[in-house]
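Each number in this note's numbering comes from the position in the sequence shown (counting from 1) with 1403 added on.
Virtual Cβ for every residue (Gly too), placed ideally from N, Cα, C.
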Amino acid sequence: MNPGAARQRGAALLLVILLLVLGSLHFVLVSSGAHDVHREADRAAAYLRRLREALVGHALETGCLPCPSPDPTRGTAPARCPRPGDRDGYVPWQTLGVEATDPWGSVVRYRVSGAYAEGDCRFSAGTRGTLEVATREPDGRVRVLEPAAPFVLFSPGPNRLGGRRRNGRAAPPPPRTHVDERINLYDARRFRTRPWTEDPAAAGGPFDDLVAWISPDRLCRLLAHRKGWSCP
């Protein structure tokens, strides 16, 4: 037997084994990373549900929804928010007694329709909100899910683009190719929610925001006993 040939075969076998090990390790790391993202997304969705419940609880207690906090570091709701710009801010986490941030360290954004907000609260069973929530189909068509939400919450997701931390530090805004994320951040009335994607060719661009809202009819039914309403 040729010793040189044997050594070559042994080296080739070791190389194959090494490639298999590295491939397996890469698969484990990718799978673990994907699992972590899904777990954090589930935690974030649960957190948004708790925020929604806390906002409704505040309305049950006071008869109105709180104003957004203008400062993510303090998380307190002003007594009034009469101007449209005052109704766009951050969850008043201190006022509501909830955790300050989502799983990625961002303070969740919060917008409220004027008629429902404290200080200028004048809504009734038939009042409709002014905020629109829509999704975007793969072909680019926009489909409205809720045309008249009393309030909307949104997290900038794991990429944190446009988000603010509890210490006030701001992340960079979404680039112009992130069309739907920019709508969530900058549009005064419209919001987008859709499956996450990193595909730059996707309609609406890459997207990893989480959005939560409540319909006016649902809020009416939750407040009906306190307000003495007959809801639609």
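Which residue wins for smallest C-alpha separation from residue i, given the options the options?
i	options	result
Pro1609	Leu1564, Gly1517, Gly1532	Leu1564
Pro1471	Arg1442, Val1440, Phe1554, His1581	Phe1554
Gly1500	Gly1517, Ala1480, Pro1541	Ala1480
Asp1583	Glu1443, Val1536, Gly1517, Val1459	Val1536
Leu1534	Glu1502, Arg1624, Val1614	Val1614
Ala1444	Pro1635, Pro1559, Pro1578	Pro1559
His1628	Glu1464, Thr1538, Arg1539	Glu1464
Leu1556	Gly1543, Val1440, Leu1458	Leu1458
Gly1488	Glu1502, Gly1466, Thr1504, Ser1516	Ser1516
Ala1503	Leu1454, Gly1466, Ala1518, Arg1486	Leu1454
Gly1466	Arg1572, Ala1518, Ala1573, Glu1601	Ala1518
Ala1573	Pro1541, Gly1508, Glu1601	Gly1508
Exposed or buried, which one is residue i when buried takes at least 16 other CB atoms within 10 Å?
i	result
Ser1633	exposed
Pro1619	buried
Ala1605	buried
Gly1532	buried
Arg1595	buried
Glu1549	buried
Pro1577	buried
Arg1597	buried
Measure how close the beta-carbons of residue i and residue j come, nearest whole angstrom, since I'm counting them as under 8 Å.
i	j	result
Arg1490	Ala1520	6 Å
Leu1626	Ala1462	6 Å
Pro1506	Arg1452	About 13 Å separates the two Cβ atoms, so there is no contact after all.
Arg1552	Trp1616	As written in the sequence, residue 1552 is Ala, which differs from the Arg given in the question. Ala1552 to Trp1616, Cβ: 4 Å. Contact.
Tell me which same chain residues have a C-beta within less than 6 Å of the C-beta of residue i, skipping the five on either side of it?
i	result
Asn1562	Asp1611
Gly1522	Ala1482, Arg1483
Lys1630	none
Arg1624	Cys1634
Leu1622	Pro1553
By Cβ distance, which residues of its chain are closer than 8 Å to residue i, with the 5 residues on each side in sequence left out?
i	result
Tyr1360	Because residue 1360 is not part of the residues shown, which for the chain are 1404 to 1635, the question remains open.
Ser1435	Because Ser1435 carries a pLDDT of 45, less than 50, the predicted location of this residue cannot be relied on, and no value is offered for it.
Pro1495	Pro1469, Cys1470, Pro1471, Ser1472, Gly1478, Thr1479, Ala1480, Tyr1513
Thr1580	Pro1603, Gly1608, Pro1609
Arg1539	Val1545, Arg1546, Asp1583, Arg1595, Arg1597, Ala1606, Gly1607
8 Å is my cut-off, CB to CB: does residue i come that close to chain C?
i	result
Pro1576	The chain labelled as chain C is not found in the depicted structure, where only one protein chain is given.
Which same chain residues end up closer than 7 Å to residue i when comparing Cβ atoms and leaving out the 5 residues on each side of it in sequence?
i	result
Asn1570	Thr1476
Pro1575	Leu1564
Arg1592	Thr1533, Leu1534, Glu1535
Gly1460	none
Gly1543	Ala1606
Pro1485	Gly1522, Asp1523
Glu1601	Pro1609
Pro1541	Ala1606
Arg1442	none
| query | Three or more C-beta pairs closer than 8 Å, one from the stretch 1522–1530 and one from the stretch 1578–1594: is that the case here? | reply | Contact between the stretch 1522–1530 and the stretch 1578–1594 is absent, because fewer than three Cβ pairs lie under 8 Å.
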